[in-house]
Amino acid sequence: MKMRPLIFSLIAFVMLAPQANAQNANTKAKPLSDQMAATVMEVWKERSKKWSYDDGVVQDGMNEIWRRTGNAVYFKYVQDKMDQFISAEGVIDTYSQDHFNIDNVKNGTVLLDLYKVTGQQKYFKAATTLWEQLQKHPRTKEGGFWHKKIYPNQMWLDGLYMGQPFYAEYAALINNKAAFDDIANQFIFMEKNARDAKTGLLYHGWDESKVERWADPKTGLSPHIWARAMGWYAMALVDALDNFPKDHPQRKELINILNRLAVAIKSVQNNKTGVWYDILDRPNDKGNYFESSASAMFVYAIAKGVRMQYLPQSYFAVADKGYKGMQQEFVEQRAENMVNLKGTVTVSGLGGKPYRDGSYAYYLSEKVITNDPKGVGAFLKAINEMEIAAMPKPGLGKTVMLDSYFNHETKKDQSGNVVSWHYKWEEMSNGGFSMWGEQFNNAGFKTSALYNAPTATNLKKASVYIIVDPDTEKETAKPNFIAANDIKNITDWVKAGGILILMGNDTGNVEFDHFNQLAKNFGVQFNKDSKGRVVGNKFEMGKAIVPAGNELFKTSQQLYIKEYSTLKLVAPAKPVLKDKDGNNMMAVAKLGKGAVFVIGDPWLYNEYVDGRKLPAEYDNFKAGQDLVNWVGKQLMKK
Numbered sequence: 026m027k028m029r030p031l032i033f034s035l036i037a038f039v040m041l042a043p044q045a046n047a048q049n050a051n052t053k054a055k056p057l058s059d060q061m062a063a064t065v066m067e068v069w070k071e072r073s074k075k076w077s078y079d080d081g082v083v084q085d086g087m088n089e090i091w092r093r094t095g096n097a098v099y100f101k102y103v104q105d106k107m108d109q110f111i112s113a114e115g116v117i118d119t120y121s122q123d124h125f126n127i128d129n130v131k132n133g134t135v136l137l138d139l140y141k142v143t144g145q146q147k148y149f150k151a152a153t154t155l156w157e158q159l160q161k162h163p164r165t166k167e168g169g170f171w172h173k174k175i176y177p178n179q180m181w182l183d184g185l186y187m188g189q190p191f192y193a194e195y196a197a198l199i200n201n202k203a204a205f206d207d208i209a210n211q212f213i214f215m216e217k218n219a220r221d222a223k224t225g226l227l228y229h230g231w232d233e234s235k236v237e238r239w240a241d242p243k244t245g246l247s248p249h250i251w252a253r254a255m256g257w258y259a260m261a262l263v264d265a266l267d268n269f270p271k272d273h274p275q276r277k278e279l280i281n282i283l284n285r286l287a288v289a290i291k292s293v294q295n296n297k298t299g300v301w302y303d304i305l306d307r308p309n310d311k312g313n314y315f316e317s318s319a320s321a322m323f324v325y326a327i328a329k330g331v332r333m334q335y336l337p338q339s340y341f342a343v344a345d346k347g348y349k350g351m352q353q354e355f356v357e358q359r360a361e362n363m364v365n366l367k368g369t370v371t372v373s374g375l376g377g378k379p380y381r382d383g384s385y386a387y388y389l390s391e392k393v394i395t396n397d398p399k400g401v402g403a404f405l406k407a408i409n410e411m412e413i414a415a416m417p418k419p420g421l422g423k424t425v426m427l428d429s430y431f432n433h434e435t436k437k438d439q440s441g442n443v444v445s446w447h448y449k450w451e452e453m454s455n456g457g458f459s460m461w462g463e464q465f466n467n468a469g470f471k472t473s474a475l476y477n478a479p480t481a482t483n484l485k486k487a488s489v490y491i492i493v494d495p496d497t498e499k500e501t502a503k504p505n506f507i508a509a510n511d512i513k514n515i516t517d518w519v520k521a522g523g524i525l526i527l528m529g530n531d532t533g534n535v536e537f538d539h540f541n542q543l544a545k546n547f548g549v550q551f552n553k554d555s556k557g558r559v560v561g562n563k564f565e566m567g568k569a570i571v572p573a574g575n576e577l578f579k580t581s582q583q584l585y586i587k588e589y590s591t592l593k594l595v596a597p598a599k600p601v602l603k604d605k606d607g608n609n610m611m612a613v614a615k616l617g618k619g620a621v622f623v624i625g626d627p628w629l630y631n632e633y634v635d636g637r638k639l640p641a642e643y644d645n646f647k648a649g650q651d652l653v654n655w656v657g658k659q660l661m662k663k
C-alpha cells in the first residue's frame, strides 16, 4: 500500500478537526460520528437485496450513536431499514432458517433493540426465529456452532460476532440462564482451537475434520491470520459481555480471553501509523496493506474493554493511537460534514465456489473499496466509543443508585417472567431511564439499583441516590412507604455529602404523603396538584423556558415538562425553574456537605428524552446531561 505524503495527511487531519472545518471557516464541523452517519443515510437509502449481516453492523453503529446523542433521526433510519424486511407478523423476508448460516443471525441484535424500544411484537417474533435457528444449528463434536451448513465441521472467528452477542441478549431477555454456559463455550472452543501459542493471534478458521483443502492436515487451521476475523471475535467478546450475568462462573474466563487477545492485537499494531495490516502474520510481505474495518474493530473492542474495566486503562493508548491513525489513513471528506471511509476489503472467506484456499495470494486478491458497510458499521462503533472517552468523567469511581424499593411496580414480560419496571435503568421503552442512565455512564458513573430499604450501610455504596414516583396502593398491592427510619438514613447520608434526586409526579399518580415527609427535611413540599396538562400533540402546552444564566441548565434552553406537581419551598430550598405562571417546577437545596434536586415529575424518562416523540426544538436530552453535569459538580465540591 502506498503511503500518503506527510503534507497530505496533515491537511486531511485539519479538515477533520472539530476546531476548524476546512470547507467553511465560519462553520464548526460536526462530530465525526455525525459526519459518518450522514454518509450512511446518503449511501444506503434503498433496501438491500437480501437479509444481510452487513446491514446489521451499520444499524448497530447507528443505534449506539442515537443513544449517546439523542438524535432520533438515526433510530428512525434503523427502524425503517429493518421494517423493509420484517412483516407485521414478524416474518423475515429472504431469510431461510434451514440454511443454517450463522451470518444471518447477526441482525437479531438490531431486532431486539427495536423490540425493547417500541414494544412491537413483530420484532420479537422475528428475533425468536433467529433464536430457534441457534437451537437447531449444527455443531462440532465438542459443541461449537458450524459457520454454515455448507461448511460442515468448521468454526470461523467471524461466526462468533454473528451469533454470540444476539444469543446473549436474547437469553438475558427471556431469562434463559442455561444458555450462557453454551455462549461461554463458543468463545472458549474458538480460542482453544484457533490460537497460535507463540503470538496469541487467532487463525481465521478451523476445520474439526481436517479434510478441507484450506485446512492444515495436522491442526485443521487455515493458513493465515486475517485481521478482520480477529476483529469480529474481539467485538463479539465485548458485546456479548454486555448481557452476560455478573455472577456466571465463566464470565471471568471471557474477560481473560479478551485480555489475551488485547496483548496480541497490541503486538501487531503498526508503530508508525497506529493501524493494522490485513494479514497480521505477514506484515512485511509484498502487497499487504493497512485495512480499515479490522482497525475500526480493534479500536472499538479495546476502547470499550477499557471503559467497561475488562482491560487495564493502559490499553486505551492502543485504541487512541489506532483511532488517530484511522483518521489519517482511511478518512476523507466527502462533502461538508460528511466523510468517507476508505480501505475496507469487501470480503474474505474460506472454501465455497469459486474455491477460496486461504492463501496469502487469495486474501490479497479480494477487492478493497470505499464505504463498505462492514467497515463503516465498525467505524461508527469505534467513533462512538472514542467520543464517549473524550467526554468529561466527573463520575469516575462513583455510583448512582436508583431506588427500586419505594417504586417497585412489576409486570410479566413477553416470556411470562415477573420483572420490575417503570423508571428503571435497563428499561429501553418509553417509561424507562435507559437514555439517562447511559448519560451517567458516559460521565464515568456506575449505575445500580436498590431493591431494599435505604440503610446507612447500603447508602454508603452510592454517591448519588435517586427516588422516583413512590408507589401508591393502586400501583402495587403492598407498597413500601417511606418510613421515619428511611428518612433519617437518607437525611444523614445527604448531610455527609450524598447527592439526592427526588422526582415526583402529578397528583393521583404518586404516593405524596410519605414522600413529603422526606422532602420537608430539605425545605420542599409537593403541592399535590397537576400542572402542564397537554392535549394530544400540542407540545407547546408543556413548554418551559430556561432563563439565561440558569445555575443548572447550561446547554438546554427549551424544556418539555407535562403534568407535574408544583413545589412549595422554604430554606434551604431555592427554585431552579418556574413555570409561566410563576409556580416552582424544580428546586435545589444544600444540607451539610450534600445537595438535593427536586422536581414534581419523573421527567427524564425515555419518551421525552430519546427524540422519537418530541419536536427537535425541545432540549430534554441536553437537560438530562446538564443534570448529570450538575451532580458531578456537587460531588467535586465535597
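Start counting the sequence shown at 26; every next residue gets the next number (my numbering). Positions of the beta carbon are idealized from the N, C-alpha and C atoms, including for glycine. For clarity, every value in this text was computed on a predicted model and none was experimentally measured.
Given 8 Å, three or more beta-carbon pairs between the segment 549 to 566 and the segment 516 to 526:
Short answer: they don't touch.
Would you give the residue range spanned by the beta strand (DSSP E) that Tyr99 belongs to?
Element bounds for Tyr99: not the beta strand (DSSP E) but the alpha helix (DSSP H), Ala97 to Asp108.
Quick one: what does DSSP say Trp257 is sitting in, helix, strand or coil?
Helix.
Per the contact definition of three or more C-beta pairs closer than 8 Å, is the segment 402 to 413 in contact with the segment 373 to 389?
By the criterion of at least three beta-carbon pairs nearer than 8 Å, the segment 373 to 389 is not in contact with the segment 402 to 413.
Sequence-distant residues of the same chain with beta carbon closer than 7 Å to Asp438, five excluded per side:
Within the same chain, Asp438 has close Cβ partners Val444.
Start and end of the alpha helix (DSSP H) containing Thr154?
Residues Gln146 to Lys161.
Alpha carbons only, please: which of Lys599, Ile175, Met333 and Ala265 is nearest the one belonging to Lys378?
Out of Lys599, Ile175, Met333 and Ala265, Ile175 has the C-alpha closest to the C-alpha of Lys378.
Report yes if the CB atom of Arg15 is closer than 8 Å to the CB atom of His249, and no otherwise.
Outside the shown range of the chain, which is 26 to 663, sits residue 15, and nothing can be said about it.
Check each candidate in Leu602, Thr143 and Arg238 and name the one with the smallest Cα separation from Lys579.
For Lys579, the closest alpha carbon among the candidates Leu602, Thr143 and Arg238 is that of Leu602.
Tell me whether the segment 110 to 124 and the segment 650 to 661 touch, counting them as touching only if at least three CB pairs, one residue from each stretch, are closer than 8 Å.
The segment 110 to 124 is not in contact with the segment 650 to 661.
Taking the alpha carbon of Lys503 as the point to measure from, which residue in Thr395, Phe431 and Ala648 has its own alpha carbon closest?
Answer by Cα proximity: Phe431.
Taking all protein chains shown into account, decide if Gln44 is buried (16 or more other Cβ within 10 angstroms of its Cβ) or exposed.
For Gln44, the predicted structure reports a pLDDT of 36, less than 50, and the residue's modelled location is therefore unreliable. A value from the coordinates is still provided. Exposed.
Within 10 angstroms of the Cβ of Asn409, are there 16 or more other Cβ atoms? Answer buried if so, exposed if not.
Classification of Asn409: buried, given that the 10 Å Cβ count is 16 or more.
Presumed contact (8 Å Cβ cut-off) between Tyr78 and Met187, rounded CB distance:
With 8 Å as the limit, Tyr78 and Met187 qualify as a contact, their Cβ atoms being about 6 Å apart.
C-alpha gap between Gly376 and Asn295, whole angstroms:
The alpha-carbon separation between Gly376 and Asn295 amounts to approximately 30 Å.
Could you tell me whether the Cβ atoms of Ala403 and Gly256 are closer together than 8 Å?
Inclusion of Ala403 and Gly256 in the CB contact set at 8 Å is warranted, their separation being smaller than that value.
Excluding the 5 residues flanking Gly400 on each side, which residues of the same chain have their C-beta closer than 7 Å to its C-beta?
Within the same chain, Cβ atoms closer than 7 Å to the Cβ of Gly400 are found at Ser317, Ser318, Ala321, Leu366 and Thr369, the five residues on either side in sequence being excluded.
Quick one: is Gly422 buried, meaning 16 or more other Cβ sit within 10 Å of its Cβ, or exposed?
Exposed, since its Cβ has fewer than 16 Cβ neighbours within 10 Å.
Measuring alpha carbon to alpha carbon, tell me which residue in Asn96, Tyr99, Ser73 and Val130 is nearest Phe110.
Of the candidates Asn96, Tyr99, Ser73 and Val130, the one whose C-alpha sits nearest the C-alpha of Phe110 is Ser73.
How many Å lie between Gln24 and Ile507 at the Cα?
Not covered by the structure: residue 24. The range shown for the chain is 26 to 663.
Mapping the DSSP letters down to three states, classify Gln48 as helix, strand or coil.
Because the pLDDT of Gln48 is 40, which lies under 50, any placement of that residue in the model is unreliable, and the question is left without a value.
For the alpha helix (DSSP H) containing Pro190, name the first residue and the last one.
From DSSP, the alpha helix (DSSP H) with Pro190 extends over Leu182 to Ile199.
Sequence-distant residues of the same chain with beta carbon closer than 6 Å to Arg276, five excluded per side
Cβ neighbours of Arg276 beyond the five flanking positions: Phe269.
Under the three-state reduction of DSSP, which class applies to Thr369: helix, strand or coil?
Strand.
Val519 in three-state terms, based on DSSP
The DSSP-derived three-state label of Val519 is helix.
Take Val634 and list the residues in its own chain whose beta-carbon comes closer than 7 Å to its own, dropping the five residues that flank it on each side.
Cβ within range, chain order: Gly95, Met460, Trp461, Asn645, Phe646 and Gly649.
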